[in-house]
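One structure is given here, and the rest of the page talks about it.
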Amino acid sequence: MIRLISSYVITLLLLVLVNGCKKDNYEKPSSLLSGKVVYDKEAVGLRSNGVQLELWQHGFELFTKIPVYVAQDGTFSASLFNGSYKLVRLPGNGPWVNNIDSIDVTVNGNTVIEVPVQPYFVIKNATISKSGTTVTGTFSIVKVANGGTLESVALFVGKTNIVDAVNNLGSAAVNGSDITDINAPVTVTLTIPGSLSGQSFFFARVSVKTAGVAEHIYSQPIKIE
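So, in structure tokens, the structure goes:
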């Protein structure tokens, strides 16, 4: 009897180990979907991981979203299985006009795509410079979409190139109501904060914020030496 029980227990343990190995040996995604969020074929500057896209794939028992976070330079990537997906731009999640149309994406090996958006405003010809203890950002604003009201423009500085409205060591802003001519270059100035005064270099970006829209649209980071 004892031998029978022992054999039964051993058999159960072997089954558990085999099943556990099967779970650990599930195939992992081997394809890479990469791309960028663009307007007029140019990557859109964003807050680091502040904007999320969603991928959905039909035909599986669990129909759940695959979140894809967009980097500050507008790029993104995700490891996936080959197959057909729907890419969704979440309403109210970016500094652009909502677009509820999904994008059909076929992943086959390493796949590269562009995700078009229509910002309310874009930044052109951004320059940022330092003089003494002052940082000055100058840029032009181009209104792209109707229905957006300019709330403010801003300048951000930080130790790393990850710098935005959330990740910064200093900022300055100008209210949209104080900008009398949107067609003329806009200037924002900032006194260098003490936390950066001893640094041999730092990074800066300018941004535009649309009223009622959570996220800013940004220039690309500029290294200030």
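Take 1 as the starting number for the sequence shown in UniProt numbering and just add one per residue. Backbone N, C-alpha and C define an ideal beta-carbon position, used for all residues, glycine too. Being a predicted model, the structure only gives us computed values, none of them experimental.
Query                                                                                                : Result
Inter-residue spacing [alpha-carbon to alpha-carbon] between residue 286 and THR64                   : Nothing in the structure corresponds to residue 286, since the chain is present only between 1 and 225.
Residue from GLU225, GLN220, VAL213 whose Cα sits closest to the Cα of PRO95                         : VAL213
Best match in GLY50, ILE66, ARG205 for proximity to GLY137 [C-alpha to C-alpha]                      : ARG205
Beta-bridge partners of GLY45, as assigned by DSSP                                                   : TYR218
ALA154 vs SER207 beta-carbon contact at 8 Å                                                          : yes
Counted within 10 angstroms of its Cβ, other Cβ atoms place ILE100 as buried (16 or more) or exposed : exposed
Exposure label - HIS58; buried when at least 16 CB within 10 Å                                       : exposed
Min CB distance ASN110 to chain D below 8 Å                                                          : Absent here is chain D; the protein component of the structure consists of one chain.
Burial state of PRO221, where buried means 16 or more other Cβ atoms lie within 10 Å                 : buried
The stretch 67-79 contacting the stretch 35-46, beta-carbon criterion three pairs below 8 Å          : yes
Inter-residue CB distance, ALA145 and PRO119 (contact presumed, cutoff 8 Å)                          : 7 Å
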